[in-house]
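So the sequence shown is numbered by UniProt numbering: it starts at 1 and just counts up by one. Glycine included, every Cβ here is placed at the ideal spot set by N, Cα and C. Following: one structure in structure tokens, then a few remarks.
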Amino acid sequence: MISWVKNKYCLVFLIFILLLVDGQFSYLLNSLFNYYVIISSQLFLAALLFTYHNNSTAFIFFESTVIGLLFDFYYLNHIGVVTLVLPFLAFFIGKLDSRQMTGLFSSLVIYLIFIFFFNILSYFLSLLYGFTDVSLSFFITYNLAPTLVFNILAFFICQKPLRKLFLD
């Protein structure tokens, strides 16, 4: 891989591209299922997770805030939900030892915890801001569970290229 691609600012751009691809992939998946089941591809969170361990705390906060702002502008047309959630989660993920991301199983568990808290915190902030009125049980059954199952499969498929690009 060319060294300029591994530049940390270029990696933020690649995460943004992955964010856009995730959105299109989620749209494709949701068109295949009925109206109630919502599957969100969140591979950009795996890429973020892999970049957190190679950078300083200030850059992690900057990266999370920028990606959160872009997510909010592109998908929600409001600033707030993901802009608050990503830096908050980055703070806790940054406390983990980078050796915990070396094994497949441990990185999968951390990724699933990251997705879980990302979605739950986003749900509660959306509820607080009045963006949604969906019950928690409906959200868990028709959004969170299918999203977790899909992202487990996607992680197994995409983890090697993501590791090579963002960790090595």
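In this structure, Thr83 sits near Leu69, with a CB-CB distance shorter than 8 Å. Closest option to Leu108, judged by alpha-carbon separation, among Ile15, Gly23 and Phe155: Phe155. Ranked by Cα distance from Val134, the options Ser106, Phe71, Ile38 and Ile15 are led by Ile38.
For Val81, the enclosing alpha helix (DSSP H) begins and ends at Val81 to Ile93. If you ignore the 5 residues before and after Ile60, its C-beta comes within less than 6 Å of the C-beta of Tyr52, Ala90 and Gly94, all in its own chain and listed in chain order. Straight-line measurement puts the Cα of Leu45 at about 11 Å from the Cα of Asn119.
Rounded to whole angstroms, Phe116 and Cys158 show a C-alpha spacing of 19 Å. Between the alpha carbons of Tyr123 and Phe131 lies a distance of about 9 Å.
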